[in-house]
Amino acid sequence: MRLVERYVLSYALAIVVSGLLLMVIGIREIEIYYAVYLIEFLVSLELVASFRRSLGLNLRPIIIVFLFGFAYTVAQRILQILS
Amino acid sequence: MLYCDQCGKQIPDSLIKKLGHPESVELRGEPHLTTTAERVAVAPPSRRSSDLASSSAPVAGLGDTTAKSQAGTITRGQEMHHASVDAPPGMLGRQQRILGVSLIAFGVLTAVASTLIGAVNLSGLGLASFLIGLLLVYLHSRPSFGPELVEASLLSSLANVERILRELGPRTKAIYLKTIDRLDVPMVFLPLEDNPAPPSGLNLSGEDRLLVIDSGDSHRAGLLLEAPGASLLALMEKELDLNFIDLGNDDFLNAIKSGMVESLEVAADVKGAFTQDGVSFRIRDGPLRNMARSIARLAPNVASRLGCPICSVAICAAVKAIKRDLILEGATHQAGVHSVTLRFSGGSTDETS
């Protein structure tokens, strides 16, 4: 199996398992799910990018999209607390 | 006695013999090797050249010198191969995009439904589905090419090198020259003299010619070629974000394995052994096994005397890390396994094969 395929499959497995785990322990905040998924994405990417630097560079737009999403959820939470 | 009009050096008799006719040697105003067109065109197509024509699209026989004849060598089987290149191999394909879009849609629907029914924790799974889908769709947008295309784009160049080796190259062993600078391209030198017993430090760093002639030193007369795996090594270094010249003797074998198996994915496994006499590699073929087989069959001189591009990557990396000239004792390609034996230059073993 190719490196990219292994990366996608391992990431998919990781977030499905962690999502189910968070569900089981009763987490109801979507931003926690998002944060966990983002951390898993960055960690797995870092592991793969040590072998293939171009993959890390290619996935930069996805990282930016993910970080914007994370910033949005954090901003929403801050506004919720302030209000 | 013939002398090069450009550099004034004497042309060795062995080279003149190899070219056949002294009058066919024309070095005035041409820094590279020149031979008469008739000599190439008149040569009857050998069995090997007809093999080239029948089994490889871009490679024509020795007698075929026109673009038209080359185009005519593309068989129906080759056309089918080229057509199949449009579909990226493995999971990356049209199905991947469909799967990605489906996962995005499922994720959005799950998130909306979970919000409507008040099951917030379900939206976590919806988000997971959305992210995986996004990744699949994005990765699909990157171009990916099949091994057939790599093979087809490589074989013509190697067939030309094969012709040069067959016409000019003596039966001496190739010497992979050490690189001094980080940006140096790994070069391989084929001495013209039989049994030249090259010195331990063959300094050809200033040379930028295919045919190196030095009347004063017979060790320095030969073909100077860019190593077949030099470009792959550059790509491997870029992907690994390292330069093999910075690595020590203990680290480079692991780096070669990581680079060839994980980064470039040109081999399934690489085993290397570093001894006092030299280095040996055993490389198990990966997705490019058909390419390696084709090279060994269609360009046997290149494969056995310079090493195929896959073997050559490992050799170039070793030369760069060890910082010594290495003589290629042998490169064999059998049953999906490349076996490469290298010896440090300056040893006592006979240099002819």
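Chains as they are written, first to last, in the working numbering: chain A, 68 to 150; chain B, 313 to 665.
Note that beta-carbon positions come from the ideal geometry of N, C-alpha and C, so glycine has one too.
Bear in mind the structure is a predicted one, so any value in this text is a computation, not a measurement.
Looking from the CA of residue 416 (chain B), the closest CA among B:448, B:431, B:644 belongs to B:448.
In the structure shown, residue 639 (chain B) falls within a strand segment according to DSSP collapsed to helix, strand and coil.
Looking at the backbone, the Cα of residue 505 (chain B) and that of residue 122 (chain A) are separated by about 47 Å. Under the 8 Å criterion on CB atoms, residue 135 (chain A) is classed as non-interfacial with respect to chain B.
In chain order, 648 place their CB closer than 6 Å to the CB of residue 601 (chain B), counting only its own chain and leaving out the 5 sequence neighbours on each side. With a threshold of 16 other beta carbon atoms within 10 Å, residue 138 (chain A) falls short and is exposed. Not one beta carbon of chain B lies nearer than 8 Å to the beta carbon of residue 127 (chain A). If you compare the alpha carbons of B:450, B:470, B:480, B:642 with that of residue 126 (chain A), the shortest gap goes to B:450. Per DSSP, the unbroken beta strand (DSSP E) holding residue 652 (chain B) starts and ends at 649-656. Measuring C-alpha to C-alpha distances from residue 557 (chain B) to each of B:492, B:538, B:542 identifies B:492 as the nearest.
Rounded to the nearest whole angstrom, the C-alpha separation of residue 431 (chain B) and residue 120 (chain A) is 40 Å.
Taking a Cβ-Cβ threshold of 7 Å, the residues of chain A close to residue 432 (chain B) are 95, 97, in chain order. With a cut-off of 8 Å on Cβ pairs, the stretch 626-634 of chain B is not in contact with the stretch 596-613 of chain B, counting fewer than three such pairs. The beta carbon of residue 549 (chain B) sits closer than 6 Å to those of 555, all from its chain and outside the five residues before and after it, given in chain order.
It is roughly 15 Å from the alpha-carbon of residue 429 (chain B) to the alpha-carbon of residue 97 (chain A).
Taking C-beta atoms as the reference points, residue 434 (chain B) and residue 426 (chain B) count as a pair closer than 8 Å.
Taking a Cβ-Cβ cut-off of 7 Å, the neighbours of residue 79 (chain A) in chain B comprise 444, given in sequence order.
About 5 Å separates the CB atoms of residue 575 (chain B) and residue 118 (chain A); that is less than 8 Å, so the two are in contact.
Distances from the alpha-carbon of residue 443 (chain B) to those of B:465, B:469, B:591, B:411 put B:411 closest. Annotated three-state conformation of residue 586 (chain B) is strand, per DSSP.
For the pair residue 620 (chain B) and residue 614 (chain B), the CB atoms are nearer than the 8 Å cut-off. A distance below 6 Å between beta-carbons, with the five flanking residues on each side excluded, links residue 469 (chain B) to no residue of its chain. Put simply, the CB of residue 550 (chain B) is near chain A, with a gap under 8 Å to one of its CB atoms. Just measuring C-alpha positions, the residue of A:116, A:81, A:112 sitting nearest residue 437 (chain B) is A:81.
The beta-bridge partner set that DSSP reports for residue 595 (chain B) consists of B:582, B:650.
A distance below 8 Å separates the beta carbons of residue 616 (chain B) and residue 643 (chain B). Taking C-alpha positions only, residue 561 (chain B) is separated from residue 639 (chain B) by approximately 17 Å.
Taking C-beta atoms as the reference points, residue 538 (chain B) and residue 499 (chain B) count as a pair closer than 8 Å.
DSSP places residue 573 (chain B) in no beta strand (DSSP E); its state is neither H nor E.
Taking the Cβ atoms as the reference, residue 480 (chain B) lies roughly 19 Å from residue 610 (chain B), outside the contact range of under 8 Å. In the DSSP assignment, residue 538 (chain B) is bridged to B:499.
Per DSSP, reduced to three states, the secondary structure at residue 487 (chain B) is strand. Taking the beta carbon of residue 534 (chain B) as reference, no residue of chain A falls within 7 Å; the closest one sits roughly 37 Å away. Taking 4 residues as the shortest admissible run, the stretch 419-476 of chain B contains the following complete alpha helix (DSSP H) segments, listed from N- to C-terminal end: 432-452. Secondary structure of residue 523 (chain B) (DSSP, three-state): strand.
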